[in-house]
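Undergrad: Provided herewith is a single structure, encoded as structure tokens, for subsequent inquiry.
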Amino acid sequence: MKSPVLSFSTLAVMSALSVLPGHACASETLHELAQDIKAGKTTASQIYDLYDARINIYNPGIQAVTTRNPNARQDAKTADQQKAPHGSLAGLPLLLKDNIAVQGMVTTAGSVALADNWAAQDAPLVARLRAAGAIIMGKANLSEWANLRSSQSSSGWSSAGGQTRNPYAPERSPCGSSSGSGAAVAARLIPAAIGTETDGSIVCPASVNGLVGLKPTLGLVSRTGIVPLSHSQDTAGPMTLNVRDAAMLLNAMAGSDPQDAATRQADQRRSKDYTAGLQATALQGKRLGIVRKMVDGYDVDTKALFDKSLAILIAQGATVVDQIDLPYLEELDKDELTVLLYEFKADLDAYLAKTPATVKTRSMADVIAYNQQHADTVMPYFAQELMEQAQAKGKLSDAAYRQASARVKLRAGKQGIDAVLKKYKLDALIAPTTGTAWLIDYKAGDIVEGSSSSPAAIAGYPHLTVPMGQVRGLPVGLSLFAGAWSEAKLLNMGYAFEQARPALPAPSLTTTATAAAK
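The numbering of the sequence shown is the numbering used here, which starts it at 48 and goes up by one.
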């Protein structure tokens with residue numbers, strides 16, 4: 048492992064090795080690192096050097112980080128020159144999913160077709176993070192085109208970034224589409240990252256990588272400057288090592304954006320401080336409903352872990368109501384796909400039309416043609432039939448789209464989550480987030496054992512996943528989801544569960560480190 052080490056000072060590498068997974072670890076979370084900076088125990092530059100070394104040592108084995116921000120080191124130095132820490136995230140490093148614009152960097156959405164998509168300015172989301180003092184370290188890999196290119200896709204693979212691997216078992220999937228964001232945080236290559244979700248793309252990779260992941264209410268966080276899939280479901284959100292860090296990031300991220308009409312209520316709806324209610328007693332008196340259809344179908348070990356988690360919730364003062372029937376679960380899928388295909392075409396065409404002149408693919412049709420012309424690079428494992436289906440759709444004025452959109456929103460939201468919460472007087476619905484990470488298999492594609500992401504994703508409601516523990520050494524998450532703008536309540540309950548739950552071991556990167564050294 049010579050080359051990664053030689054480019055850094057001996058002190059930086061020794062520091063990195065002393066707190067890598069599998070070693071005694073001091074501060075890892077955003078909150079801990081922020082406290083260390085305030086106490087004068089460390090500096091932004093020292094933290095930068097630590098994670099810079101970690102990425103160089105371990106990223107070749109998991110391929111989570113695709114590009115590095117050339118200005119990050121100077122940004123850390125500038126943070127150190129300030130007389131006092133400026134902002135709640137002052138000096139703290141982050142990675143962003145590579146569909147989010149960062150000034151002076153390329154935004155690929157995982158596709159080599161966007162290799163020249165240079166961003167002239169930060170996305171408003173990034174500007175908010177910078178205003179809070181965050182250091183943008185670079186970009187994380189993702190499932191190409193947010194996993195809506197082929198039904199046989201392999202999560203975490205992109206033509207721009209290769210195959211991201213799960214740090215807990217590198218032969219297994221990191222899930223997607225925010226695969227690099229999840230794997231990087233799990234491997235402690237970065238203390239936190241930003242992902243995006245249309246349906247499951249934050250909560251699934253968070254779950255299988257042993258992280259906290261929050262998909263916010265649609266419209267709480269700006270989407271301007273993010274490569275789109277669906278304007279009715281897309282949102283960015285935090286992926287972190289614990290609930291407090293997710294709340295810290297949401298404090299910086301949430302707010303209205305004049306360029307994104309969906310966020311017009313964000314300033315008045317957001318909580319002033321999402322960390323304020325994080326107390327170990329937050330589950331007392333809460334009523335949680337088990338969506339039983341989202342529990343059936345898992346293996347016996349995953350069900351046993353879920354049962355243990357229920358016992359923890361009850362011990363912390365929650366009332367658990369079983370056998371909740373969330374209606375229309377089967378009917379949602381078909382209408383959702385119709386909506387996503389229509390919106391993918393319309394939204395991507397609108398985005399590509401405004402990209403720099405260096406980008407030659409100016410529409411979805413251009414992307415499809417590019418992929419065909421570069422099939423050896425872009426389609427070595429799976430095709431692009433979903434993009435082709437999207438291209439075949441008409442305009443958003445089509446009756447088929449308008450009817451499916453209205454129907455699916457009503458069934459997921461008012462007639463679904465809202466109705467069940469009201470009927471049973473519940474604070475949230477719960478279920479396993481998904482099963483354990485599956486083997487990466489390009490012939491079979493993703494083999495996912497269960498998912499609880501769709502109702503909240505379709506309704507545009509918040510969804511929080513918190514690690515329950517491990518099944519056969521692989522992480523599994525607990526999902527909590529509820530009505531619009533209920534992020535604070537979900538974070539509070541998730542925090543209380545997290546405090547009562549046994550600690551989750553970090554992955555051992557021996558295997559991936561060996562692979563990287565070869």
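Virtual Cβ for every residue (Gly too), placed ideally from N, Cα, C. Just so we're clear, the structure is a prediction, and the values are computed from it rather than from any experiment.
Would you kindly work out how many angstroms separate the C-alpha atoms of P554 and V255, rounded to a whole number?
TA: Roughly 12 angstroms separates the two Cα atoms.
Undergrad: Indicate the three-state DSSP secondary structure (helix, strand or coil) for I477 in the structure shown.
TA: Three-state DSSP puts I477 in a strand.
Undergrad: Looking only at its chain, what residues have a beta carbon closer than 6 angstroms to the beta carbon of Y489, apart from the 5 residues adjacent to it on each side?
TA: S201 and Y428
Undergrad: Taking contact to mean at least 3 C-beta pairs separated by less than 8 angstroms, is the segment 538 to 551 in contact with the segment 319 to 330?
TA: These segments touch.
Undergrad: Between the beta-carbon of I34 and the beta-carbon of L136, is there less than 8 angstroms?
TA: Because the chain in this structure spans residues 48 to 565, residue 34 falls outside the shown range and cannot be described.
Undergrad: Note down the Cα distance separating K319 from Y215, rounded to an integer number of angstroms.
TA: 36 angstroms
Undergrad: Consult DSSP for R454 and reduce its assignment to one of helix, strand or coil.
TA: helix
Undergrad: List in chain order: all unbroken beta strand (DSSP E) runs of 3+ residues lying wholly within the segment 322 to 357.
TA: 334 to 338
Undergrad: Mind checking which residues open and close the alpha helix (DSSP H) that includes A283?
TA: No alpha helix (DSSP H) contains A283, which is instead part of the beta strand (DSSP E) from T282 to T287.
Undergrad: Find the nearest neighbour of G441 within the set E390, K461 and A430, judged by alpha-carbon distance.
TA: E390
Undergrad: If you draw a straight line from the alpha carbon of L195 to that of M434, how long is it in whole angstroms?
TA: 7 angstroms
Undergrad: Helix, strand or coil: how does DSSP classify A178 here?
TA: helix
Undergrad: Can you say whether V60 is buried or exposed, counting buried as having 16 or more other CB atoms within 10 angstroms of its CB?
TA: Legend: pLDDT at V60 = 43, less than 50; position of this residue unreliable, no value from coordinates given.
Undergrad: What are the boundary residues of the beta strand (DSSP E) that includes Q517?
TA: H510 to V518
Undergrad: Which same chain residues, not among the five before or five after R120, have their C-beta less than 8 angstroms away from its C-beta?
TA: If we look at R120 and ignore the five residues flanking it on each side, its Cβ neighbours are S92, Y95 and D99.
Undergrad: When burial is assigned at 16 or more other CB atoms within 10 Å of the CB, is H510 buried or exposed?
TA: buried
Undergrad: DSSP state of A131, grouped into three classes?
TA: In this structure, DSSP gives A131 a state outside helix and strand, which the three-state scheme calls coil.
Undergrad: Please look up how many angstroms separate the CB atoms of T480 and V250, rounded, as I've assumed it's under 8 angstroms.
TA: 5 angstroms
Undergrad: Considering only their Cβ atoms, is the gap separating V159 from V425 smaller than 8 angstroms?
TA: Taking C-beta atoms as the reference points, V425 and V159 count as a pair closer than 8 angstroms.
Undergrad: If you draw a straight line from the C-alpha of K536 to the C-alpha of I464, how long is it?
TA: 15 angstroms
Undergrad: Is the segment 347 to 367 touching the segment 237 to 244 in the sense that three or more CB pairs, one from each, lie closer than 8 angstroms?
TA: No, the segment 237 to 244 is not in contact with the segment 347 to 367.
Undergrad: Enumerated in chain order, which unbroken segments of the alpha helix (DSSP H) with a length of 4 residues or greater are wholly contained in the segment 203 to 262?
TA: You should have 226 to 233 and 250 to 255.
Undergrad: Taking the DSSP output, what are the residues bridged to S500?
TA: Beta-bridge pairing links S500 to no other residue.
Undergrad: In three-state DSSP terms, what is F391?
TA: helix
Undergrad: Please work out which residues of its chain come closer than 6 angstroms, Cβ to Cβ, to R270, disregarding the five sequence neighbours upstream and downstream, and give them in chain order.
TA: D281 and D307
Undergrad: Please say whether A187 and D145 have beta carbons closer to each other than 8 angstroms?
TA: yes
Undergrad: Considering only C-alpha positions, which residue in the set D163, Q150 and W165 is nearest to V173?
TA: For V173, the closest alpha carbon among the candidates D163, Q150 and W165 is that of Q150.
Undergrad: Between the Cα of L139 and those of G203, E191, A86 and A239, spot the shortest distance and give me the residue it belongs to.
TA: A239
Undergrad: Does the distance from the C-beta atom of R458 to that of L379 stay below 8 angstroms?
TA: yes
Undergrad: Flag this pair as yes or no: are the beta carbons of I102 and L189 separated by less than 8 angstroms?
TA: Cβ distance not < 8 angstroms, so I102 and L189 don't count as in contact.
Undergrad: What does the alpha-carbon distance come out to for the pair D394 and T408?
TA: 14 angstroms
Undergrad: State the Cα-Cα distance for the pair N418 and L443, rounded to the nearest angstrom.
TA: 25 angstroms
Undergrad: Helix or strand or just coil, what does DSSP make of W532?
TA: Coil at W532, not helix or strand.
Undergrad: Between which two residues does the beta strand (DSSP E) carrying K401 extend?
TA: Per DSSP, K401 belongs to no beta strand (DSSP E) and is neither H nor E.
Undergrad: Give the straight-line distance between the Cα atoms of D122 and L267, rounded to the nearest whole angstrom.
TA: 27 angstroms
Undergrad: Looking at the structure shown, is A553 part of a helix, part of a strand, or coil, going by DSSP?
TA: coil
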